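Below is one structure; the comments refer to it alone.
Numbering (the numbering used here), first residue to last: 672 to 830.
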């Protein structure tokens, strides 16, 4: 059932019927589907389920402060166990996953809204605008403001 549900979500997302889904959401669903198919023989693999639940929790709460200790309390699992399973199934730790997801959400807001960079940083869970800007630049090779300007020019030029 879970596999068919993921396929339906992906089909819906690719037909643009759900504009709320970001590229990251679609990509995450796709990898989740691949993992489901790959690990269906290991359906009882507790680590897989833990990593899926942690990732889902992060996607639903990325705009709030999330720490390893919060994840430990939320899932009642040692932080090393969470890190091990996230690395195994997502190739990153929970906090790296969180940071990547936040940056992707911020990138989308830069393109879809006129909100200030500081406001976007706060909406995506970054406490400090300066940290957000440096993390964004490290991830995308360009500052958030220049990213917005560059892509706004492109969309205006396309019309």
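Note that the Cβ used here is the ideal one computed from N, Cα and C, for glycine as well. These numbers come from a predicted model, not from an experiment.
Assuming residue i is part of the alpha helix (DSSP H), what are its boundary residues?
| i | result |
| --- | --- |
| residue 770 | 765-783 |
| residue 800 | 800-811 |
| residue 672 | No alpha helix (DSSP H) holds residue 672; DSSP gives it neither H nor E. |
Taking a contact to mean a Cβ-Cβ separation below 8 Å, would you say residue i touches residue j in this structure?
| i | j | result |
| --- | --- | --- |
| residue 681 | residue 701 | yes |
| residue 800 | residue 773 | no |
| residue 704 | residue 677 | yes |
| residue 777 | residue 742 | no |
| residue 794 | residue 780 | yes |
With DSSP collapsed to three states, give me the class of residue i.
| i | result |
| --- | --- |
| residue 797 | coil |
| residue 787 | coil |
| residue 700 | helix |
| residue 819 | helix |
| residue 830 | No answer about residue 830 holds up, because its pLDDT of 49 lies below 50 and its placement is not dependable. |
Taking buried to mean at least 16 other C-beta atoms within 10 Å of its own C-beta, is residue i buried or exposed?
| i | result |
| --- | --- |
| residue 791 | buried |
| residue 770 | buried |
| residue 818 | buried |
- Entirely within the segment 705-761 and at least 4 residues each: give me those alpha helix (DSSP H) ranges in chain order. 717-732, 739-746, 750-761
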